[in-house]
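Residue numbers (the working numbering): 10 to 374.
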């Protein structure tokens, strides 16, 4: 690209806006709407209420950023740089306050404009949280939803993986640049996600690493892209609750899965439900609230036929939460060795599962 063409490159005005002190995304968009697409070269810019320093910054051509950005974009056929006024910029996100001025995408951009449901939760989920994610995601995919999350360990990563295994498309919003996949252990998942027709997104320049202040900003993009946000598990102080708060501010639906009040990972979800979030017991609880899926048919499983429970007094003391062997024995008032023998029989029959820390009730059928 010639120097003259670079001078007229449509990304330069947005780079100038991003690096002008005192002009955030909201004011930048107002400026664009007031002066039109050619605001950067408009004489009216001088009449706006900007300081001399701001005017100088607005007229600064950031070639030191433009050159590596174009080099990154040209490094692969599926890389995109979407400015706020780009025709492929997702309308759902554009309608939110403080939408990013620039969005970097690697993968298929078609999913950005389709109906999305965000799924977020704890980085250290319980067995129940994992099971709930694996159970809900396939039904959401079947209804036609794009699953959007943050590629973090825990519920985020499991949501992406479950969507892929269900034949769905999933989008991941990163808290780092797209060249610096974070966490690194999810690099393969990120590649699989792209290969599956999804995409990685970030508002960070591609070469930037993960920083603490990137992640709350990332969360507003996750919620902004989506029709609703499902919180699977969250402690009282959780990044997932930041996503839920953004969703409320953006006018999105918020869904939460309840849990036992003694479970620290359920406290955030229970609090959201107290504050008005939709309690979720199945995929239909989510889909029924969203117009885009109001006519979607979700398969209802037939009722499970009753059958006689083996060792019912023992099974009554093994729930969906992990229960230690000695605690089960104490509740049943039976010797530990006898309880262990019966648990092995129940595991072979598919009634319970041995997991780290004890046993949980299996989902038969």
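We put the beta carbon where it would ideally sit given N, CA and C, even for glycine.
Here the structure is a predicted model, which is why all the values come from computation and not from measurement.
Opening and closing residue of the beta strand (DSSP E) in which residue i lies
i           : result
residue 116 : 111–116
residue 158 : 155–158
residue 181 : 179–182
residue 211 : 208–211
Spatial neighbours of residue i in its chain, beta-carbon cut-off 6 angstroms, leaving aside the 5 residues before and after
i           : result
residue 262 : 237, 298
residue 93  : 110
residue 27  : 110
residue 256 : 232, 238, 263
residue 187 : 113, 115, 209, 211, 215
residue 249 : 129, 130, 240, 243
residue 79  : none
residue 290 : none
residue 189 : 218
residue 277 : 243, 244, 245, 247, 250
Coarse secondary structure for residue i, derived from DSSP in three states
i           : result
residue 82  : helix
residue 42  : helix
residue 252 : helix
residue 59  : coil
residue 237 : strand
residue 367 : strand
residue 92  : strand
residue 332 : strand
residue 399 : Within the shown structure, residues of the chain are numbered from 10 to 374, placing residue 399 beyond reach of any answer.
residue 296 : helix
residue 288 : strand
residue 243 : coil
residue 361 : strand
residue 327 : coil
residue 258 : helix
residue 37  : helix
residue 104 : coil
residue 265 : strand
residue 199 : helix
residue 185 : coil
residue 218 : coil
residue 30  : coil
residue 17  : coil
residue 341 : helix
residue 375 : What is shown of the chain runs 10 to 374, which leaves residue 375 out entirely.
residue 301 : helix
residue 273 : helix
residue 223 : helix
Exposure of residue i, with buried meaning 16 or more beta-carbon neighbours within 10 Å
i           : result
residue 246 : exposed
residue 370 : buried
residue 304 : Per-residue confidence for residue 304 stands at a pLDDT of 41, beneath the threshold of 50, marking its modelled position as unreliable; the derived number appears in the next sentence. Residue 304 should be labelled exposed.
residue 220 : exposed
residue 137 : buried
residue 86  : exposed
residue 68  : exposed
residue 139 : buried
residue 119 : exposed
residue 222 : exposed
residue 129 : buried
residue 351 : buried
residue 288 : exposed
residue 29  : buried
residue 104 : exposed
residue 36  : exposed
residue 229 : buried
residue 134 : buried
residue 344 : exposed
residue 99  : buried
residue 60  : exposed
residue 141 : buried
Sequence-distant residues of the same chain with beta carbon closer than 7 angstroms to residue i, five excluded per side
i           : result
residue 166 : 160, 195, 198
residue 279 : 267, 268, 270
residue 356 : 362, 363
residue 24  : 71, 74, 75
residue 349 : 334
residue 367 : 331, 332, 333, 334
residue 18  : 75
Range of the contiguous alpha helix (DSSP H) that encloses residue i
i           : result
residue 353 : 345–357
residue 164 : 164–174
residue 281 : 276–283
Residues near residue i in its chain [Cβ-Cβ closer than 8 angstroms; skip 5 each side]
i           : result
residue 101 : 122, 125, 233, 234, 235, 236
residue 258 : 106
residue 314 : Unreliable placement is indicated for residue 314, whose pLDDT of 43 sits below 50; the coordinate value is still reported in the next sentence. Around residue 314: no qualifying Cβ.
residue 358 : 319
residue 340 : 326
residue 143 : 167, 171
residue 66  : 25, 28, 29, 30
Residue i at chain C interface by Cβ criterion, 7 angstroms
i           : result
residue 234 : Protein chain content of the structure displayed is limited to a single chain, and chain C is not contained in it.
**Prompt:** Curious, which full-length beta strand (DSSP E) runs of at least 3 residues does the segment 124–157 contain?
**Reply:** Within the segment 124–157, the beta strand (DSSP E) runs of at least 3 residues that lie entirely inside it are, in chain order, 125–129.
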